[in-house]
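Structural data, given as structure tokens:
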């Protein structure tokens, strides 16, 4: 008797996570090996509540629209599975005749996925990678990153056009990625057609020093003679490991209020007599359809398909990963990676992708990242 | 003997201000009445420095690329002309045989333009409207607004997709428009396909009250049962007329640091036990090519052409304006408006466009704004 498949999503959405869901549904329908195809409503939490959305009857055009809709259509969650949940998870999987459990997310979600694979030996458990942060271990890159990177690059280019049109000021753009600098690094791909933004980039992998920052900005203003754009990761910390944007305000749950790194840098500049403002696209940067990387969308879709192929082949306990064959021309292969090796592991931006001064990327990073953002970014007109 | 034309831009760029410049260059070339076509580098300040970019020889394809490049290609300025400058302006205009002076900007720039028309009687002076704030008097709307409005609507829709995918939280999006709420109002056009964001909207035309805000948010969370999106103008003030986001920090020039209204609202929610974060696209919202309204781009281009037609007809002292004939089907006429009547006048969002509670728009606003944002916004898939 055929068994059912469930896919659940964990963590923050991306612009192409629905493309992976679309790939799962398309492949599961075509495989002939699967009965019903369920998406859990709000991830593993929804699964434990038996809250499923039946995707078995989605039409070809529904799947195509889903593939082109940003964010997570079934909903995601931020729930850390504990031992107390194990019994309930197994109970629900059995009750609904689930033979295939797919979990789509980042390194926290791969931990959830790994735990399920350990406790539910009789079913096939496969991880589907997803993260704009690009920080999953052992895979060349992650679905969702290419699109967020394209957003970061194009937006920085366009912000640069605005900044250079006005009297000299220094504009800070805060980019997501709390612990890893992959996404802020991608702003460097904005530099086309003679436009120079971003003029400076700051990474969570490097210690942030106020004085060096102010002198970097003054030097850049002197060098370029125009307004400048500074790209900063939301997660930069000082020499004591403290967040630069620590507001000191505690919320109703007792947590320090997050965010505001861009504004904090802008405040430092203002206090040093440099005209400045800051922008923070935030969640908008992972939800834009028009700035999706076609390469990323197709790879996310195929990662969904590959996860179903791995599932019906019984390759439990693995995550679909990407292995790069070549950057130019760009070519990858899909491979299966042991879930235990990616659960809770964060892959930082390596040293050879950051320049010696710690305020820009290297050519090696550009070579790595360029194919992932898809089509060339817009070629804007420069009036001479 | 034919005379030369100069066009200068003032104030913040828009996504289509270059389309107006493209329209000026195209019409001036075709008119046969004009010798050289100059763009002042950085507005009236550039003019006083005799810093001109000669656009006379731009090819058809250059003009087309310029039309599709966001921000101000010749550069803009934020300079208030004083009586001390009058002599220099006249001197430069004479020296360069300028017969036609066009100024492209908002209500401050129309003040500059009006002053030039008064002091330089022997040349033809025409204003070309431009402002994302949509606050120029006596014109139905302004070039630049439709595109910034499209950005605000699509971005709010996409942010809403992200917010509804996650456990309940309240996300604030800060929208530009310091004194007028036209742009924050445009976020209401995000509501398509059954998606409900923005759930609340706050305008600079209404007094902001913390307690009402917190109870509005709690009521919306209870009503919708999902995360909610709150759109707020950067310029909201409290009952004493003080900015809600007054940081209390003074910059090197003695000015209070601006911005941060969205983060301030988010902080209020956190202090009241409501999980929250804030986003601030800021300048990015007026620089996106992909979110340009085609209607806006074509109208901006035509406004440029119309300004040259008015110039060669000798209609000095006027600004090109839009008169709406009908909203459905959408139709406008161009007309000339007395510069003295628009200089320094701000047109706020009228009362009939804001609901009684002061936290949403009315249907009358939707009818007004819908045609200005161009094509329908994306139709995203909703998984049932």
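Protein chains in written order, with our numbering: chain C, 1 to 384; chain B, 1001 to 1384. Ideal Cβ positions, reconstructed from N, Cα and C, are used throughout, including at glycine.
Original post:
Mind checking if residue 1350 of chain B is an interface residue toward chain C, Cβ cutoff 8 Å exclusive?
Top reply: Along the second chain, one-based indexing puts residue 1350 of chain B at 350. Cβ-Cβ to chain C under 8 Å: no for residue 1350 of chain B.
Original post:
If we cut at 8 Å on Cβ distances, does residue 1195 of chain B have a partner in chain C?
Top reply: One-based indexing of the second chain puts residue 1195 of chain B at position 195. Answer no: the Cβ-Cβ gap between residue 1195 of chain B and chain C never drops below 8 Å.
Original post:
For residue 305 of chain C, which of helix, strand or coil comes out of DSSP?
Top reply: Translated into positions along the first chain, residue 305 of chain C becomes position 305. Helix, per DSSP.
**OP:** Let me know the secondary structure DSSP gives residue 1102 of chain B once reduced to three states.
**Re:** Working through the second chain from its first residue, we reach residue 1102 of chain B at position 102. In the structure shown, residue 1102 of chain B sits in a strand (DSSP, three-state: E or B).
Original post:
Skipping 5 residues on each side, what residues in its chain have a beta carbon closer than 6 Å to that of residue 1147 of chain B?
Top reply: In the second chain, the residue the question calls residue 1147 of chain B occupies position 147. 1015, 1016, 1292, 1293, 1296.
Original post:
Are the C-beta atoms of residue 1069 of chain B and some chain C residue less than 8 Å apart?
Top reply: Translated into the one-based positions of the second chain, residue 1069 of chain B becomes position 69. At least one chain C Cβ lies under 8 Å of residue 1069 of chain B.
**OP:** Sort B:1095, B:1065, B:1107 by Cα distance to residue 1049 of chain B and report the nearest one.
**Re:** Within the second chain, the letter at position 49 stands for residue 1049 of chain B. Ranking B:1095, B:1065, B:1107 by Cα distance to residue 1049 of chain B puts B:1095 first.
Original post:
What are the start and end residues of each continuous beta strand (DSSP E) run of 3 or more residues lying completely inside the segment 310-349 of chain C, in chain order?
Top reply: 318-327, 330-338
Subject >> Neighbourhood of residue 135 of chain C by C-beta, 6 Å cutoff - its chain only, sequence neighbours within 5 removed >> reply: Taking the first residue of the first chain as 1, we reach residue 135 of chain C at position 135. 180, 346, 347, listed in sequence order.
Original post:
Going by DSSP, what residues sit across from residue 1280 of chain B in a beta bridge?
Top reply: If you number the second chain from 1, residue 1280 of chain B lands on position 280. C:280, per the DSSP bridge assignment.
**OP:** Check the Cβ of residue 1236 of chain B against every Cβ in chain C and list those closer than 7 Å, keeping chain order.
**Re:** The residue labelled residue 1236 of chain B in the question sits at position 236 within the second chain. What residue 1236 of chain B touches in chain C: nothing, since even the nearest Cβ is about 17 Å away.
**OP:** Starting from the Cα of residue 1384 of chain B, find the closest Cα among C:75, C:236, C:202, C:331 and give me that residue.
**Re:** As a position in the second chain, residue 1384 of chain B is number 384, starting the count at 1. For residue 1384 of chain B, the nearest C-alpha among the options comes from C:75.
Original post:
Taking the alpha-carbon positions, what's the residue 184 of chain C to residue 86 of chain C distance?
Top reply: Looking up residue 184 of chain C in the first chain gives position 184. Looking up residue 86 of chain C in the first chain gives position 86. Cα-Cα distance, rounded: 38 Å.
Original post:
Under a CB-based cut-off of 8 Å, is residue 1264 of chain B close to chain C?
Top reply: Counted from its first residue, the second chain places residue 1264 of chain B at position 264. So no, residue 1264 of chain B is outside the interface.
Subject >> Interface flag, residue 1337 of chain B vs chain C, CB-CB below 8 Å >> reply: As a position in the second chain, residue 1337 of chain B is number 337, starting the count at 1. Output row for residue 1337 of chain B: interface = no.
**OP:** Under 9 Å between beta-carbons, which chain B residues line up against residue 165 of chain C? List them in chain order, please.
**Re:** Sequence index remark: in the first chain, residue 165 of chain C carries index 165 (1-based). The answer, in chain order, is 1009, 1012, 1013, 1017, 1042, 1071, 1072, 1073, 1074, 1075, 1076.
**OP:** Measure the beta-carbon distance from residue 1287 of chain B to residue 1072 of chain B and round it to whole angstroms, keeping in mind my assumption that it falls under 8 Å.
**Re:** As a working note, residue 1287 of chain B is residue 287 in the second chain. As a working note, residue 1072 of chain B is residue 72 in the second chain. Not a contact, Cβ separation roughly 10 Å.
Original post:
Is the Cβ of residue 1353 of chain B closer than 8 Å to any Cβ of chain C?
Top reply: Numbered from its first residue, the second chain carries residue 1353 of chain B at position 353. Not an interface residue.
Original post:
Taking Cβ positions, are residue 1265 of chain B and residue 1232 of chain B nearer each other than 8 Å?
Top reply: Taking the second chain and counting its residues from 1, one reaches residue 1265 of chain B at position 265. Taking the second chain and counting its residues from 1, one reaches residue 1232 of chain B at position 232. Closer than 8 Å, so yes.
Original post:
Cα separation between residue 1234 of chain B and residue 1159 of chain B?
Top reply: For the purposes of this step, residue 1234 of chain B is identified with residue 234 of the second chain, where counting begins at 1. For the purposes of this step, residue 1159 of chain B is identified with residue 159 of the second chain, where counting begins at 1. Cα to Cα, the separation comes out at about 18 Å.
**OP:** Could you work out which residues of chain C lie near residue 1029 of chain B, taking near to mean beta carbons separated by less than 8 Å?
**Re:** Counting from one through the second chain, the residue named residue 1029 of chain B turns up at place 29. Per Cβ cutoff of 8 Å: no residues; residue 1029 of chain B is ~16 Å from chain C at best.
Original post:
When DSSP labels each residue in this structure, what does residue 167 of chain C get in the three-state scheme?
Top reply: Taking the first residue of the first chain as position 1, residue 167 of chain C is located at position 167. Residue 167 of chain C: coil per DSSP, three-state reduction.
Original post:
Which stretch, first to last residue, makes up the beta strand (DSSP E) that contains residue 224 of chain C?
Top reply: Counting from 1 along the first chain, the entry for residue 224 of chain C is found at position 224. Residue 224 of chain C -> not in any beta strand (DSSP E); alpha helix (DSSP H) instead, spanning 210-224.
Original post:
Looking only at its own chain, which residues have a Cβ that is under 8 Å from the Cβ of residue 253 of chain C, when we skip the five neighbours before and after it?
Top reply: Sequence index remark: in the first chain, residue 253 of chain C carries index 253 (1-based). Low confidence applies to residue 253 of chain C: its pLDDT is 49, below 50, so where it sits in the model is not reliable, and the reading given next is rough at best. Contacts found: none.
Original post:
Secondary structure at residue 227 of chain C, three-state DSSP: helix, strand or coil?
Top reply: Counted from its first residue, the first chain places residue 227 of chain C at position 227. Coil at residue 227 of chain C, not helix or strand.
Original post:
Using Cβ-Cβ distances below 8 Å, what residues of the segment 1285-1311 of chain B are close to chain C?
Top reply: 1286, 1287, 1288, 1289, 1290, 1291
Original post:
What do you get for residue 123 of chain C, buried or exposed, if any count of 16 or more other CB atoms within 10 angstroms of its CB means buried?
Top reply: Taking the first chain and counting its residues from 1, the one referred to as residue 123 of chain C is at position 123. So residue 123 of chain C counts as buried.
Original post:
Taking the alpha-carbon positions, what's the residue 1193 of chain B to residue 310 of chain C distance?
Top reply: For the purposes of this step, residue 1193 of chain B is taken as the residue at position 193 of the second chain. For the purposes of this step, residue 310 of chain C is taken as the residue at position 310 of the first chain. Their Cα atoms are separated by approximately 35 Å.
Original post:
Are any of the Cβ atoms in chain C nearer than 8 Å to that of residue 1183 of chain B?
Top reply: Counted from its first residue, the second chain places residue 1183 of chain B at position 183. No, its Cβ sits nowhere closer than 8 Å to a Cβ of chain C.
Original post:
Excluding five sequence neighbours on each side, which residues of the same chain lie with their C-beta closer than 6 Å to the C-beta of residue 366 of chain C?
Top reply: Within the first chain, numbered from 1, the residue matching residue 366 of chain C stands at position 366. Closer than 6 Å at the Cβ level, and outside the excluded window around residue 366 of chain C, lies no residue.
Subject >> Simplified DSSP assignment, three categories, for residue 33 of chain C >> reply: Working through the first chain from its first residue, we reach residue 33 of chain C at position 33. In the structure shown, residue 33 of chain C sits in coil (DSSP, three-state: anything other than H, G, I, E or B).
Original post:
To the nearest angstrom, how far is it from the Cα of residue 1051 of chain B to the Cα of residue 165 of chain C?
Top reply: Taking the second chain and counting its residues from 1, one reaches residue 1051 of chain B at position 51. Taking the first chain and counting its residues from 1, one reaches residue 165 of chain C at position 165. Each residue's alpha carbon lies about 14 Å from the other.
**OP:** Answer yes or no: does any C-beta atom of chain B fall closer than 8 Å to that of residue 38 of chain C?
**Re:** In the first chain, counting from the first residue as 1, residue 38 of chain C sits at position 38. False, the Cβ-Cβ gap to chain B never drops below 8 Å.
Original post:
Applying a beta-carbon distance threshold of less than 7 Å, which residues of chain C neighbour residue 1280 of chain B?
Top reply: Here residue 1280 of chain B corresponds to residue number 280 of the second chain, with the count starting at 1. Near residue 1280 of chain B (Cβ distances below 7 Å), the residues of chain C are 279, 280.
Original post:
Going along chain A in order, which residues have a C-beta closer than 7 Å to the C-beta of residue 377 of chain C?
Top reply: Going by chain labels, chain A is absent from the structure shown, which instead holds the protein chains C and B.
Original post:
Below 8 Å between beta carbons: does that hold for residue 1373 of chain B and residue 1153 of chain B?
Top reply: Position 373 of the second chain, counted from the first residue, corresponds to residue 1373 of chain B. Position 153 of the second chain, counted from the first residue, corresponds to residue 1153 of chain B. In this structure, residue 1153 of chain B lies closer than 8 Å to residue 1373 of chain B by Cβ.
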